[in-house]
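Quick notes on the structure that follows.
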Amino acid sequence: GNLSNLKVLRLYGALDPTDLSDTNKPIPPSKVKSLPGTIGKLQNLEELDLGRNRIKSIPSQIASLQKLKRLALDHNDIDELPAFVGNLKNLQELSVCDNGGIKLPTSLSNLNGLKIFMGNDSLKIKDQKKLRRLFPKATFSFENEFDDSAANEKTPK
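Note that the sequence shown covers residues 10 to 166 in this note's numbering.
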């Protein structure tokens with residue numbers, strides 16, 4: 010099938026899309042671990058939700074999704090976002106909750122009005138302040154499911 014006009018793709022806790030170019034192909038019953046390079050062909054995509062999967066890295070083809078406004082990568086195994094994410098000029102919302110302290114690229118500072126949702130990664134207040142200094146144009150949400158006041162205590166010397 011032709012998915013070139015697709016605007017929203019939600020693979021939240023989804024099965025493994027081995028090839029997005031053929032919509033008639035059966036999908037094997039396992040969680041998403043990676044994305045096919047064909048994701049870059051979805052040029053009209055405005056929202057991509059890949060939450061609750063086992064994704065470890067973001068393919069470079071996502072850089073061609075210049076209409077992307079929302080990118081949700083919550084609850085995956087991503088350690089570091091690639092620099093090209095900061096080149097998605099229309100990106101308004103980036104959600105990276107519960108990735109175990111994901112490292113954000115400095116290129117995100119290029120984006121005006123970006124909202125970054127860090128969620129419950131148990132960041133200390135000093136680390137939250139550091140992120141706000143590194144990305145002054147961004148708005149952060151550090152909402153946590155649990156109030157872990159111990160995470161914000163000073164480290165003993």
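From the three backbone atoms N, C-alpha and C, an ideal C-beta is built for every residue, glycine too.
Give me the Cβ distance between residue i and residue j, rounded to the nearest whole Å; I'm assuming they're in contact under 8 Å.
{"i": "ILE67", "j": "LEU103", "result": "Their Cβ separation, rounded to whole angstroms, is 11 Å, which puts ILE67 and LEU103 out of contact at 8 Å."}
{"i": "VAL94", "j": "GLU56", "result": "Actually they do not touch by this definition, with Cβ atoms about 15 Å apart."}
{"i": "LEU113", "j": "LEU77", "result": "LEU113 to LEU77, Cβ: 17 Å. No contact."}
{"i": "GLN3", "j": "LEU44", "result": "No answer is possible for residue 3: it lies beyond the span of the chain, which begins at 10 and ends at 166."}
Quick one: residues in its chain with C-beta nearer than 6 Å to the C-beta of residue i, no 5 flanking neighbours on either side, listed in chain order?
{"i": "ASN85", "result": "ASN62, ILE64, ASN108"}
{"i": "LYS146", "result": "ASN121"}
{"i": "ALA81", "result": "ASP58, GLY60, SER104"}
{"i": "GLY49", "result": "GLN70, SER73"}
{"i": "LEU117", "result": "GLY95, PHE144"}
{"i": "ARG79", "result": "GLU56, GLU102"}
{"i": "GLY22", "result": "ARG61"}
{"i": "ASN119", "result": "GLY95"}
Can you tell me whether residue i is helix, strand or coil according to DSSP?
{"i": "LYS112", "result": "strand"}
{"i": "ILE87", "result": "coil"}
{"i": "SER104", "result": "strand"}
{"i": "GLU134", "result": "Correcting the residue identity first, residue 134 is Ile in this sequence and not Glu. Of the three classes helix, strand and coil, the one that applies to ILE134 here is helix, per DSSP."}
{"i": "ARG141", "result": "helix"}
{"i": "TYR21", "result": "coil"}
{"i": "ARG117", "result": "Sequence check: residue 117 is Leu here, not Arg. Helix."}
{"i": "PHE149", "result": "strand"}
{"i": "LYS67", "result": "A quick correction: the sequence has Ile, not Lys, at residue 67. ILE67 falls in the coil class under three-state DSSP."}
{"i": "LYS78", "result": "coil"}
{"i": "LYS98", "result": "coil"}
{"i": "LYS42", "result": "coil"}
{"i": "LYS50", "result": "helix"}
Taking the CB atoms as reference points, tell me whether residue i and residue j lie closer together than 7 Å.
{"i": "GLY128", "j": "CYS106", "result": "yes"}
{"i": "LEU51", "j": "LEU90", "result": "no"}
Leaving out five residues before and five after residue i in sequence, what residues of the same chain have Cβ atoms less than 7 Å from its Cβ?
{"i": "GLU152", "result": "GLY128"}
{"i": "LEU20", "result": "PRO26, VAL41, ASP58, LEU59, ASN62"}
{"i": "ARG141", "result": "PHE149"}
{"i": "ASN53", "result": "SER13, ASN14, LEU15, LYS16, LYS76"}
Here's a check: name, in chain order, each residue in its chain whose Cβ is nearer than 8 Å to the Cβ of residue i, leaving out the five neighbours to either side.
{"i": "PRO35", "result": "Interpretation of PRO35 is limited by its pLDDT of 45, a score under 50 that renders its predicted location unreliable; no figure is taken from the coordinates."}
{"i": "ILE87", "result": "ILE64, LYS65, SER66, ILE67, VAL105, ASN108, ILE111"}
Is residue i a contact residue of the ligand GDP, with contact defined as CB to any heavy atom under 6 Å?
{"i": "LEU12", "result": "With respect to the ligand GDP, the structure shown offers nothing to examine, as it has no ligands at all."}
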